[in-house]
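Under the UniProt record's numbering, residues 1 to 221 are what the sequence shown spells out, in order.
Notes for the one structure printed next.
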Amino acid sequence: MELIALADGPIQHAKRYNACIVGGCRYRVKSKDIDKKTQCSGVVVNADTLSFASAKDLNPRCGTVSYYGVLKDILEIQYTKDTQFLMFECDWVDNEKGLKQDEFKFTLVNFNHLMYNKNLPTDEPFVLASQVQQVWYIPDPSEVDWNVVVTMTRRDNYDVYSTIEAEPHSRVQLDDNIPIRNEDVCWVREGVEGIFVDETMMTVENVEEGNEIEIEDDFDV
Numbered sequence: 001m002e003l004i005a006l007a008d009g010p011i012q013h014a015k016r017y018n019a020c021i022v023g024g025c026r027y028r029v030k031s032k033d034i035d036k037k038t039q040c041s042g043v044v045v046n047a048d049t050l051s052f053a054s055a056k057d058l059n060p061r062c063g064t065v066s067y068y069g070v071l072k073d074i075l076e077i078q079y080t081k082d083t084q085f086l087m088f089e090c091d092w093v094d095n096e097k098g099l100k101q102d103e104f105k106f107t108l109v110n111f112n113h114l115m116y117n118k119n120l121p122t123d124e125p126f127v128l129a130s131q132v133q134q135v136w137y138i139p140d141p142s143e144v145d146w147n148v149v150v151t152m153t154r155r156d157n158y159d160v161y162s163t164i165e166a167e168p169h170s171r172v173q174l175d176d177n178i179p180i181r182n183e184d185v186c187w188v189r190e191g192v193e194g195i196f197v198d199e200t201m202m203t204v205e206n207v208e209e210g211n212e213i214e215i216e217d218d219f220d221v
């Protein structure tokens with residue numbers, strides 16, 4: 001049923017948004033992001049593509065290519081009542097002219113070199129919202145028009161180790177036989193006069209049977 005709905009095409013009317021939350025990240029179009037203190041318009045798409053080493057190379061290699069851009073528009077395309085997709089329209093940096101790495105291995109982009117400048121019908125500026133990841137762009141102070149790419153980390157995620165490194169504790173060998181010194185142990189207090197008890201009488205009343213039990217104990221110290 002879903003394939004039939006996709007084959008019929010989407011509804012002619014679409015919804016437009018200025019911001020949205022996808023995968024726990026807040027995205028905002030560039031026009032609304034300029035006056036904000038936080039930056040939420042930077043995106044990156046990691047695509048698997050085939051590449052050739054040269055024009056004569058007949059053995060293509062599959063690799064991951066990153067495309068950096070800024071969010072331009074957010075559209076929700078609806079096919080049925082329960083089937084809709086969120087699309088991002090972005091300005092994508094040309095990887096041949098507007099992408100490089102500096103000597104410190106930082107990725108830099110230049111938004112003066114964009115793809116799809118001619119607005120042709122074959123242009124593909126749209127991607128699914130679920131395909132992108134959020135990044136930040138920080139202006140490079142040493143190079144004009146170039147921006148350093150910073151990968152976003154969620155607020156509730158931290159760079160912690162997946163395994164805890166515990167320091168090994170040394171084992172202590174315990175002897176089962178505890179040595180006892182052969183000395184006289186005195187259990188009587190010394191230096192004070194002793195107390196002599198001749199006889200002690202304790203009476204316990206048995207309430208239930210109504211009898212009296214007499215217990216006589218002699219204590220000699």
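Backbone N, C-alpha and C fix where the C-beta goes; we use that ideal spot for every residue, glycine too.
Secondary structure of residue i, DSSP reduced to three states
{"i": "Asp73", "result": "strand"}
{"i": "Ala47", "result": "strand"}
{"i": "Ala14", "result": "coil"}
{"i": "Asp8", "result": "helix"}
{"i": "Leu120", "result": "coil"}
{"i": "Lys56", "result": "coil"}
{"i": "Asp145", "result": "coil"}
{"i": "Gln131", "result": "helix"}
{"i": "Lys100", "result": "strand"}
{"i": "Ser41", "result": "coil"}
{"i": "Asp94", "result": "coil"}
{"i": "Ile34", "result": "coil"}
Top-ranked residue by Cα proximity to residue i, from the options
{"i": "Asn117", "options": "Trp136, Cys90, Leu75", "result": "Cys90"}
{"i": "Leu75", "options": "Glu143, Ala14, Asn147", "result": "Ala14"}
{"i": "Ala47", "options": "Leu128, Pro60, Thr64", "result": "Thr64"}
{"i": "Glu143", "options": "Asn119, Ser130, Thr107", "result": "Thr107"}
{"i": "Glu96", "options": "Leu114, Phe104, Lys105", "result": "Leu114"}
Neighbourhood of residue i by C-beta distance below 7 angstroms, restricted to the same chain and skipping five residues each side
{"i": "Gly69", "result": "Val43, Cys90, Asp91, Trp92, Val93"}
{"i": "Pro125", "result": "Glu89, Cys90, Trp92, Tyr116"}
{"i": "Thr151", "result": "Val135"}
{"i": "residue 247", "result": "Residue 247 cannot be examined here, being either before or after the span of the chain that is shown, 1 to 221."}
{"i": "Asp102", "result": "Leu108"}
Spatial neighbours of residue i in its chain, beta-carbon cut-off 6 angstroms, leaving aside the 5 residues before and after
{"i": "Gln133", "result": "Val44"}
{"i": "Asn18", "result": "Val29, Lys32"}
Beta-carbon spacing of residue i, residue j below 8 angstroms
{"i": "Leu71", "j": "Phe52", "result": "no"}
{"i": "residue 238", "j": "Tyr137", "result": "Absent from the structure is residue 238, since the part of the chain shown begins at 1 and ends at 221."}
{"i": "Val149", "j": "Asp140", "result": "no"}
{"i": "Val135", "j": "Asp73", "result": "no"}
{"i": "Ile77", "j": "Pro121", "result": "no"}
{"i": "Leu6", "j": "Tyr79", "result": "yes"}
Same chain, Cβ closer than 8 angstroms to residue i, five either side skipped, listed in chain order
{"i": "Asn112", "result": "Gly98, Asp145"}
Does the segment 78-87 come close enough to the segment 40-48 to have 3 or more Cβ pairs within less than 8 angstroms?
Too few Cβ pairs lie closer than 8 angstroms, so no.
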